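Q: Using the numbering used here, read the sequence shown as starting at 61 and increasing by one per residue. Note that beta-carbon positions come from the ideal geometry of N, C-alpha and C, so glycine has one too. Computed from a predicted model, the values in this text were never measured in an experiment. Sending over a structure as structure tokens; questions will come in a sec.
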Amino acid sequence: MTDDPTPTYETLRVERADGVVTLTMTRPEKKNAMSHLMFRELLAVFEDVTVRRDDRVLLITGEGDGFCSGADLTDSSAAASTQGPGDSVDYMRLVARCALRLHELPKPAVAAVNGVAAGAGCNLALGCDIVIASERARFIEIFSKRGLVVDFGGSWLLPRLIGLHRAKELIFLAEPVDAAQAAEIGLVNRVVPADALLDEARAVATKLAKLPPIQLSVTKRLLNQSLSVSMSDALEFEGIAQSLMFRTADTTEAMLAFAQKRDPSFRGE
């Protein structure tokens with residue numbers, strides 16, 4: 061837990077209101093391509109949100125007409141950090157830490173995809189728990205056209221989201237998927253008009269922020285591990301988690317609010 065003021069960043073804008081942390085990538089001239097610095101700053105924000113008690117939900121979007129066009133291959137600091145094999149490994153471990161920290165964030169993450177989401181930027185969006193896309197959004201696993209392999213968790217995310225064969229098609233062919241097709245195959249949760257995107261995403265984030273944070277965190281963990289455990293193990297984990305929930309103040313508050321016919325107020329206790 062920290063009461064420190066929100067830090068300032070060079071490549072990101074971070075705003076806090078009513079439990080929702082809005083993270084906006086601010087390199088619109090590059091369609092928010094992720095420089096070496098942005099990867100470090102994203103990692104710092106994910107770690108900051110993790111420890112701040114009042115942060116309930118993370119909302120990620122991009123400034124301008126693009127969400128994120130992937131890693132910035134023209135970034136001189138990134139290029140310098142990948143000159144030798146050891147340097148390349150260190151750089152990719154930073155990318156991996158960033159992806160894993162988002163995946164393991166113990167709070168819901170919502171992506172508001174306002175335009176192109178390519179490569180690592182595509183997988184940044186898909187790594188969130190709920191993905192809301194503008195009708196102008198496009199998703200592309202661009203890696204093969206750059207002579208690269210999929211990264212930022214795409215090899216793990218895509219098969220789980222849309223199945224192995226569709227994942228191979230998207231990654232091998234590196235063809236763009238528009239918002240409507242993304243919704244049809246299960247890449248995104250919903251598609252909205254461009255001028256309604258942030259309002260819709262904030263409405264979803266605000267609803268999540270009003271729910272019991274401990275229960276959401278544990279539920280997220282149960283769902284994230286669901287494809288790697290047996291039914292028997294899943295039931296055991298559910299039972300242990302539920303027994304702990306019965307002892308939280310928020311569960312007591314939910315029961316009282318139901319009995320008193322009022323909206324509950326959850327404090328994360």
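#1: Inspect the CB distances between the segment 266 to 283 and the segment 305 to 315 and report whether three or more fall short of 8 Å.
#2: Using the C-alpha atoms, what's the distance from C182 back to A140?
#3: Can A172 and L257 be called in contact, C-beta distance under 7 Å?
#4: Once DSSP output is grouped into helix, strand and coil, what is the label at G175?
#5: Would you tell me roughly how many angstroms separate the C-alpha atoms of A159 and K321, rounded to the nearest one?
#6: In chain order, what are the residue ranges of uninterrupted beta strand (DSSP E) at least 3 long that sit wholly in the segment 183 to 221?
#7: Do you know how far the Cα of K91 is from the Cα of L287?
#8: DSSP has C357 in a bridge; who is on the other side?
#9: Applying the criterion that 16 or more other CB atoms from any shown protein chain within 10 Å of the CB defines a buried residue, is A265 buried or exposed?
#10: Tell me A77's beta-bridge partners as DSSP assigns them.
#11: Should N174 be labelled buried (16 or more other beta-carbon atoms within 10 Å of its own) or exposed?
#12: To the nearest angstrom, report how far apart M61 and P273 are at their CA atoms.
A: The structure says:
#1: yes
#2: Here residue 140 refers to the residue found at position 80 of the sequence shown. Here residue 182 refers to the residue found at position 122 of the sequence shown. Summary for A140: the model assigns pLDDT 49, below 50, so the residue's position carries little reliability, and this model does not support an answer.
#3: Against the sequence shown, residue 172 aligns to sequence position 112. Against the sequence shown, residue 257 aligns to sequence position 197. Their beta carbons are under 7 Å apart, which means A172 touches L257 by this criterion.
#4: As a working note, residue 175 is residue 115 in the sequence shown. The answer is coil: DSSP assigns G175 none of H, G, I, E or B.
#5: Locating residue 159 in the sequence shown gives position 99, where the first residue counts as 1. Locating residue 321 in the sequence shown gives position 261, where the first residue counts as 1. Going from the Cα of A159 to the Cα of K321 covers about 42 Å.
#6: 190 to 194 and 198 to 200
#7: Start at 1 with the first residue of the sequence shown, and residue 287 comes out as number 227. Start at 1 with the first residue of the sequence shown, and residue 91 comes out as number 31. For L287 and K91, the distance between alpha carbons rounds to 34 Å.
#8: Outside the displayed range of the chain (61 to 329) lies residue 357, so it cannot be described from this structure.
#9: In the sequence shown, the residue the question calls residue 265 occupies position 205. Counting Cβ neighbours within 10 Å, A265 comes out buried, since at least 16 surround it.
#10: Taking the sequence shown and counting its residues from 1, one reaches residue 77 at position 17. In DSSP, A77 forms a bridge with V80.
#11: What you label residue 174 is simply residue 114 of the sequence shown in a count that begins at 1. Label assigned to N174: buried.
#12: The count along the sequence shown starts at 1 and reaches residue 61 at position 1. The count along the sequence shown starts at 1 and reaches residue 273 at position 213. Caution is warranted here: a pLDDT of 48 is assigned to M61, below 50, making its placement in the model unreliable, and the coordinate value is therefore given only provisionally. For M61 and P273, the distance between alpha carbons rounds to 14 Å.
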